[in-house]
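Engineer: Residue numbers (my numbering): 124 to 255.
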Amino acid sequence: MKDLALMTCYIIYQLNLRAGYQRNLATGTVRPLCARPAFRAPALLLPELRTLSGSLALAPPPAPGPLPAQPYPETWGPLAPERDWQQAPVAVEERGYRLIYGLFHKSLPEARYRLERVWRVQNPFLWDKYKR
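Okay, here's the thing in structure tokens:
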């Protein structure tokens with residue numbers, strides 16, 4: 124591989140990517156090239172993050188046992204009786220957020236699009252239709 128020439132303002136560098144160094148052509152100074160770490164979004168890192176005490180940042184999984192029959196998904200919050208539906212934010216710590224994040228960026232590149240918020244729509248009427 125040939126050396127590459129790079130000019131920034133008034134300084135000209137010679138880059139050798141195979142050997143991993145840059146040379147300032149004016150002064151002859153040689154420095155090693157440093158690679159930037161690959162970008163990983165915070166939502167993808169969340170399962171690997173730990174608190175200072177060493178425990179996982181996420182809540183522990185529920186105790187195993189028979190699941191009680193619930194009319195609505197466990198992630199739904201209480202719905203006021205006068206409302207037909209409501210929006211609830213999906214927290215970054217939730218498993219559902221990471222699933223949505225992964226599916227979203229499977230079709231749209233992370234470098235160009237940023238997922239700012241995810242909302243969960245809680246609609247009991249539609250849920251009852253879906254369950255049937």
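C-beta atoms are modelled at their ideal positions from N, C-alpha and C, and glycine is treated no differently. Model, not experiment: these values are computed from the prediction.
#1: Could you give the distance in angstroms between the alpha-carbon of M130 and the alpha-carbon of R146?
#2: L226 lies in the alpha helix (DSSP H); which residues open and close that run?
#3: Find the nearest neighbour of T150 within the set P160, Y136, G143, F162, judged by alpha-carbon distance.
#4: Would you call the stretch 244-254 and the stretch 195-212 touching, i.e. three or more CB-CB distances under 8 Å?
#5: Using a threshold of 7 Å, state whether the C-beta atoms of A166 and Y253 are closer than that.
#6: Indicate whether P160 and G143 have their beta-carbon atoms separated by less than 7 Å.
#7: Going by DSSP, what residues sit across from N147 in a beta bridge?
#8: Just curious, the beta strand (DSSP E) that A211 is in, first and last residue?
Structural biologist: Result, derived from the coordinates:
#1: 11 Å
#2: 218-230
#3: Y136
#4: yes
#5: no
#6: no
#7: Y136
#8: 209-212
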